[in-house]
Amino acid sequence: MRGSPMAVGTLEEIIDDQHAVVSTVLMATNRIDSLDPALYRKKDGAPESIKMFYHLSLEHEIQLHPKYFGQSLMETVKQKLFSEVEGTCTGKYGFVIAVTTIDTIGHGMIQPGRGFVTFPVKYKAIVFRPFKGQVMDAVVNQVNKVGIFCDIGPLSCFISRHCIPPDMDFEPNNIPPCYKNQEETIVIKQDDEIRLKIIGIRVDATDIFAIGTLMDDYLGLSSAD
Numbered sequence: 130m131r132g133s134p135m136a137v138g139t140l141e142e143i144i145d146d147q148h149a150v151v152s153t154v155l156m157a158t159n160r161i162d163s164l165d166p167a168l169y170r171k172k173d174g175a176p177e178s179i180k181m182f183y184h185l186s187l188e189h190e191i192q193l194h195p196k197y198f199g200q201s202l203m204e205t206v207k208q209k210l211f212s213e214v215e216g217t218c219t220g221k222y223g224f225v226i227a228v229t230t231i232d233t234i235g236h237g238m239i240q241p242g243r244g245f246v247t248f249p250v251k252y253k254a255i256v257f258r259p260f261k262g263q264v265m266d267a268v269v270n271q272v273n274k275v276g277i278f279c280d281i282g283p284l285s286c287f288i289s290r291h292c293i294p295p296d297m298d299f300e301p302n303n304i305p306p307c308y309k310n311q312e313e314t315i316v317i318k319q320d321d322e323i324r325l326k327i328i329g330i331r332v333d334a335t336d337i338f339a340i341g342t343l344m345d346d347y348l349g350l351s352s353a354d
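Last residue of the sequence shown? That's 354 in the working numbering, and every number before it is there in order.
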């Protein structure tokens, strides 16, 4: 599993039907390895060091009903941009955290037969884009026999039972269920903070999903550091 992105089929095999969180739409699927490296290069062409957050120039089209035409038209376009793009995710760029600047608002184009007007907008935003090999902190939201489900901000991550240290066993009778070692010095349960390493990324048109591991140095329960 290490060293290469996890295939879609493999990912779906390790997640049971009740907890399948991976889109089955394969036509719109891309792996992180196919991402255009030019998007994440410095202006001088040198490769950008791997990080989580990027400041990118993006484009978006805003459609407005005629009732919004008036003196506050441009302000309405700006507010609609914020509401439509912040908090969204695209497989190409990642999670849009916040719009920082609006560079240009183009001339509106009337849609024939509808009356709506489309405004092309160019803007800059902070985006969150995870990469394989990164070490991140996460919050556990569910523990069961197949592994651990957790959140890294807006990113959902799954840690398979096979990527949890072998000295930790699943305890279904605990309240809440947990993974713990024989000495019970390390217990991982819902709402705990853990540190993990991303070993695979699943990307589709509107979402990103990660696969993580706890089997490496300095990984596991954060409070146990």
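Note that CB positions come from ideal geometry on N, CA and C, so glycine has one too.
Small disclaimer: the values here were computed from a predicted structure and weren't measured.
Query	Result
Whole-angstrom distance between GLU312 and CYS286, CA atom to CA atom	27 Å
Element boundaries [beta strand (DSSP E), containing LYS326]	322-332
Short Cβ contact (8 Å threshold) for THR219 with HIS184	no
Beta carbon of GLY349 nearer than 8 Å to that of ILE327	no
MET181 in three-state terms, based on DSSP	coil
Residues sharing a beta bridge with CYS292, DSSP	Per DSSP, none; premise fails for CYS292.
7 Å CB neighbourhood of LYS207 in its chain, flanking five on each side removed	ILE231
Beta carbon of MET203 nearer than 8 Å to that of ILE234	yes
Burial state of ALA227, where buried means 16 or more other Cβ atoms lie within 10 Å	exposed
Start and end residues, beta strand (DSSP E) containing GLN271	264-273
Residue range of the beta strand (DSSP E) that includes THR230	223-234
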